[in-house]
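Only one structure is covered here, and it is reproduced in the block below.
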Amino acid sequence: MQLKTTVYQPTSNIIDEQGGSDADVKARIGKLRVAFLQLKNIWNSKQLPTNIKVRIFNTNVKAVLLYGAETWRTTTTAIKKVQVFINSCLRKILNIHWPDTISNSLLWEKTNQFPAEQEIRKRRWKWIGHTLRKSSNCITRQALTWNPEGKRKRGRPKNTLRRIIEADMKTMNYNWTELERIAQDRVGWRMLHPSSNVEFLQLKNIWNSKQLPTNIKVRIFNTNVKAVLLYGAETWRTTTITIKKVQVFINSCLRKILNIHWPDTISNSLLWEKTNQFPAEQEIRKRRWKWIGHTLRKSSNCITRQALTWNPEGKRKRGRPKNTLRRIIEADMKTMNYNWTELERIAQDRVGWRMLVSGLCSFTRSNRRKSKRRVMLNYN
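Residue 289 in numbering that gives the first Met the number 0 sits at position 290 of the sequence shown, with consecutive numbering throughout.
Right, here's the structure in full:
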């Protein structure tokens, strides 16, 4: 049977009536092979270092190749074609030609790459989290969670995107209901399939390097991993569980950077002291209050400011009310003995606001020390 295909020009995606992605992958590789050759002067340049060439490849070639890959019905053949094309490009960038050879694992290590299958899975799960946070009326969400009824023709059923997702769910011991619940917590979802963890593993050669001093490694960690993890943390509705997950991940990374493995141990306080870190809760609080100051300096017509200071009316359902970002902020305000009017006035003075934020962070830090000392005295 001849496959019917439709080409949509804006994205040039080839949509197969059977839901397959093989034709789309084949077409993309053909176009990108031409695009890669057009950048030949960059790949052959002796002035540009390899890491810059790889970054250009990632943004100009690989990003186009894997655009929309989160919704592909991946097959072994499709994955193999994508991987062969990527490996071929990377070998040309490193100027490795026959009869010289290099293993795929060493090639990926030299160019800071991950297998294509792993990258597609990462993209897919980021998209699933984004989709599950949408309303139940959204067509994208309905299409993702919809389970068609009826009977198929005799024979082995074709693989589908849903079956691929459910295979991953089976590995993680989750069902759709649990995933929908976890997806509402962005941090919890990142911990489920953390992009920051991938970023950390991609820089493995840096963490294992004996030439780089520890302080440089920590600075690279702060800018390339921690910044990704805490991006947008100022608007999180933080819970004890969320903070704990973030802190455990950061501590785990820092121990690997310091090359501390079991049975060797180090306390968290000493770990933070050696790497010049603050507890995650304190860093998130600092980010939040910097953002509050920035928002309060905006005009009263700004939607962001209205959303921050808006207090909804009406009655809630019976039971303990859920914690909200506003309640977290008001708890800090109570600690500082300020109200919204006073904060709006102080926010106009940037220097005064910085002093307020640093004072709040130092206050919470001293409170933590006092409570810890009290516990130790009671224990003794």
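The beta-carbon is built from N, C-alpha and C at its ideal position, and this holds for glycine as well.
The Cβ atoms of Asn322 and Arg236 sit closer than 9 Å to each other. For Asp263, the secondary structure class from DSSP, reduced to helix, strand or coil, is coil. Going by C-alpha positions, Phe84 is about 29 Å away from Gly128. Remark: C-beta atoms of Ile119 and Leu106 do not approach each other more closely than 9 Å. With respect to the 9 Å criterion, Arg325 and Asn338 are not classified as neighbours on the basis of their beta carbons. Annotation for Gln141: the continuous alpha helix (DSSP H) segment containing it runs Ile138 to Thr144.
For a cut-off of 8 Å, the C-beta gap from Val81 to Ala115 is around 5 Å, short enough to register as a contact. Proximity to Ser208 across Lys109, Tyr173 and Trp145 peaks at Lys109, based on C-alpha coordinates. Asp348 sits away from Trp288, with the two beta carbons spaced by 9 Å or more. Across the structure, Lys25 and Trp188 are spaced so that their CA atoms are roughly 32 Å apart.
Relative to the Cα of Thr75, the nearest Cα in the group Gly29, Arg319 and Gln117 belongs to Gln117.
DSSP, reduced to helix, strand and coil, places Gly67 outside both helices and strands of the structure shown, so it counts as coil. Cβ contact annotation for Gln246 (same chain, cutoff 6 Å, sequence separation greater than five): Ala279, in chain order. Cβ neighbours of Leu31 within its own chain (closer than 8 Å, five residues either side excluded): Val60, Val63, Leu64 and Phe84. For Phe220, the secondary structure class from DSSP, reduced to helix, strand or coil, is helix. For Thr294, the enclosing alpha helix (DSSP H) covers residues Ala279 to Leu295.
Within the same chain, Cβ atoms closer than 7 Å to the Cβ of Cys88 are found at Phe35, Phe56 and Val60, the five residues on either side in sequence being excluded.
Taking every protein chain shown into account, the CB of Gln46 has fewer than 16 other CB atoms within 10 angstroms, so this residue is exposed.
In the DSSP annotation of this structure, the continuous segment of the alpha helix (DSSP H) that includes His129 starts and ends at Ala115 to Leu131. Boundaries of the alpha helix (DSSP H) around Glu177: Trp175 to Ala182. A direct Cα-Cα distance of roughly 27 Å separates Asp21 from Leu131. Under the DSSP assignment, Arg90 falls in the alpha helix (DSSP H) whose first and last residues are Thr75 to Ile92.
Secondary structure note for Leu257: it is in no alpha helix (DSSP H), with a DSSP letter that is neither H nor E. Between the C-alpha atoms of Met354 and His260 there is a straight-line separation of about 39 Å. In this structure, the straight-line span from the alpha carbon of Ile101 to that of Ala346 is close to 58 Å.
Distance check between Asn223 and each of Ile242, Lys244, Phe199 and Pro212 places Phe199 closest, using alpha-carbon atoms only. Contact between the segment 264 to 283 and the segment 296 to 316 is absent: fewer than 3 CB-CB pairs across the two stretches fall below 8 Å. No residue range can be given for Gly318, since it is assigned to no alpha helix (DSSP H) and is classified by DSSP as neither H nor E. The C-beta of Ile92 has 16 or more other C-beta atoms within 10 Å across all chains shown, which makes the residue buried. Membership of Glu233 in any alpha helix (DSSP H) is not indicated, and neither H nor E is assigned to it by DSSP.
Sixteen is the threshold: when 16 or more other Cβ atoms of the shown chains lie within 10 Å of the Cβ of Thr241, as they do, the residue is buried. Under the three-state reduction of DSSP output, Lys150 falls in the coil class, being neither helix nor strand.
Going by C-alpha positions, Met190 is about 36 Å away from Gly351.
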